[in-house]
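S.K.: One structure follows; several queries about it will come next.
Numbering (the numbering used here), first residue to last: 130 to 499.
Below, the structure written as structure tokens:
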């Protein structure tokens, strides 16, 4: 699913399906820092549908940085909003953390993610509120700029990218995307099938020439194959750990040191600590090394492994990934925005931790952590 989901959304971005949204947000924002901040969040959320932090930051910063510079808004505000938006969106079922958690715990992605949808929506609403607050701070300093340079809204893409645009197919592509997501979330078809079918349909509908179809696949294949290879290898690794009894032995040792009264609180503790753990563990180390042991330990107290998986994706390399020094996307973001890592972390970490805490509370209230 991860392989074809990345290909599918990559092709959709190539066709320009999201261009009307980006242009509409740019025109709606005008010179009002609050609207610009909220618009930044919306663009980052939409761009992160493919689950790739790098493409999200490339699209968002390229679209919004000229406006920030034009009215002298802080690029740090842009970086913080993009980070919060991409992090919260990274919970999508085809995103790296969710796929890793499902693979490591041998549970269905749908069982893991579907109950968490209200939690993610809550997080996205919190991101919009945080964006409003950040924009309001900028407005207090700068006021509202009544006129922006007209060329801000008439920027042209690279000619090679323009040749890939399919403006007449936007509605068709949007309907195809909606159908694929509905089929996935509602389990109308087996898990990977919606994207497996969606990719060839997207190619046939938008690029009739076989050579262009091959070029589109090749342009997205490197990142796709690398990520899929990591998932396969890590799945084998955790299978060996589990089959050899090593995870069970570690869990027995750990559970023996945990008081029985505290055992039931393991998912809650993990949910609240998940975001800060992004600063300590890279995604592979946590999801394929730490999480299986924690899940096995929780199992000693009668807690289902899927519950531990839900607790983990509340913050570990979801909300927390864009501020972690352990991911390349973080350095791409600060490079594009022209800010320092320390400044980004100082401003974004408290907001990210607050958002993940609210998400954990909602998950607890919905009974997803017990």
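Where a beta carbon is used, it is the ideal one built from N, C-alpha and C, also for glycine.
#1: Excluding the five sequence neighbours on either side, which residues of its own chain have a C-beta within less than 6 Å of the C-beta of residue 222, listed in chain order?
#2: Ends of the alpha helix (DSSP H) at residue 172?
#3: Considering only the alpha carbon of each residue, which of 183, 493 and 142 lies closest to residue 462?
#4: Closer than 6 Å by C-beta to residue 180: which residues in its own chain qualify, once you throw out the five before and the five after it? Chain order, please.
#5: Let's test the definition: count the other Cβ atoms within 10 Å of the Cβ of residue 267 and tell me whether it reaches 16, buried, or not, exposed.
#6: Can you say whether residue 250 is buried or exposed, counting buried as having 16 or more other CB atoms within 10 angstroms of its CB?
#7: DSSP three-state call for residue 245: helix, strand or coil?
#8: In the structure shown, what three-state DSSP assignment does residue 266 receive?
#9: Measure the CB-CB distance between residue 490 and residue 255 and report whether it falls below 8 Å.
#10: Please list the terminal residues of the continuous alpha helix (DSSP H) segment that includes residue 324.
#11: How should residue 361 be labelled, buried or exposed, when 16 other C-beta atoms within 10 angstroms of its C-beta is the threshold for buried?
#12: Using three-state DSSP, classify residue 154 as helix, strand or coil.
#13: Please state the DSSP three-state secondary structure of residue 188.
#14: DSSP state of residue 344, grouped into three classes?
#15: Once you ignore the five residues that flank residue 158 on each side, which residues in its own chain have a CB closer than 6 Å to its CB?
#16: Using the Cα positions of residue 347 and residue 327, report the straight-line distance between them to the nearest angstrom.
#17: Who are the near neighbours of residue 442 in its chain, counting only those whose CB is closer than 6 Å to its CB and skipping five residues on each side?
#18: Count the other CB atoms within 10 Å of the CB of residue 339; is the residue buried (16 or more) or exposed (fewer)?
#19: Where does residue 233 land, buried or exposed, given buried means 16+ other C-beta within 10 angstroms?
#20: Below 8 Å between beta carbons: does that hold for residue 399 and residue 423?
#21: With a Cβ-Cβ cutoff of 8 Å, do residue 397 and residue 498 count as a contact?
#22: Using CA atoms only, rank isn't needed, just tell me which of 144, 469 and 415 is closest to residue 299.
#23: Nearest by alpha-carbon distance to residue 331: which of 293, 320, 314 and 318 is it?
#24: Between residue 201 and residue 274, what straight-line distance do the alpha-carbon atoms span, to the nearest angstrom?
#25: Measuring only the C-alpha atoms, how far is residue 172 from residue 141?
#26: I'd like the span of the alpha helix (DSSP H) that includes residue 488, first residue to last.
#27: Cβ of residue 179 within 7 Å of any heavy atom in the ligand SAM?
M.R.: So, from the data block:
#1: Correct list, in chain order: 238 and 242.
#2: Counted as a single uninterrupted DSSP element, the alpha helix (DSSP H) harbouring residue 172 occupies residues 162 to 176.
#3: Residue 183 is the option with its Cα nearest to residue 462.
#4: Only 221, 223 and 224 meet the Cβ criterion.
#5: The residue is buried, with at least 16 neighbouring Cβ atoms inside 10 Å.
#6: When all chains shown are included, residue 250 counts as exposed.
#7: Of the three classes helix, strand and coil, the one that applies to residue 245 here is helix, per DSSP.
#8: Of the three classes helix, strand and coil, the one that applies to residue 266 here is helix, per DSSP.
#9: The criterion of a C-beta distance shorter than 8 Å is not satisfied by residue 490 and residue 255.
#10: The continuous alpha helix (DSSP H) containing residue 324 extends over residues 322 to 335.
#11: Counting Cβ neighbours within 10 Å, residue 361 comes out exposed, since fewer than 16 surround it.
#12: In this structure, residue 154 counts as helix in the three-state DSSP scheme.
#13: Looking at residue 188 - three-state DSSP - the assignment turns out to be helix.
#14: Here residue 344 sits in helix by DSSP.
#15: Excluding its 5 nearest sequence neighbours in each direction, residue 158 has C-beta neighbours in its own chain below 6 Å: 164, 165 and 168, listed in chain order.
#16: Cα to Cα, residue 347 sits roughly 17 Å from residue 327.
#17: Within its own chain, the residues whose Cβ lies closer than 6 Å to the Cβ of residue 442, once the five positions on either side in sequence are excluded, are 220, 226, 227 and 230, listed in chain order.
#18: When all chains shown are included, residue 339 counts as exposed.
#19: Answer is buried; the Cβ neighbour count reaches 16.
#20: Yes, they are a contact pair.
#21: With contacts defined as CB atoms closer than 8 Å, residue 397 and residue 498 qualify as a contacting pair.
#22: The shortest C-alpha to C-alpha distance from residue 299 to any of 144, 469 and 415 is the one to 144.
#23: Of the candidates 293, 320, 314 and 318, the residue whose Cα lies closest to the Cα of residue 331 is 293.
#24: Distance from the CA of residue 201 to the CA of residue 274, rounded to the nearest whole angstrom, comes to 10 Å.
#25: Cα to Cα, residue 172 sits roughly 15 Å from residue 141.
#26: First-last of the alpha helix (DSSP H) with residue 488: 470 to 494.
#27: Because no ligand of any kind appears in the structure shown, any question about the ligand SAM cannot be addressed here.
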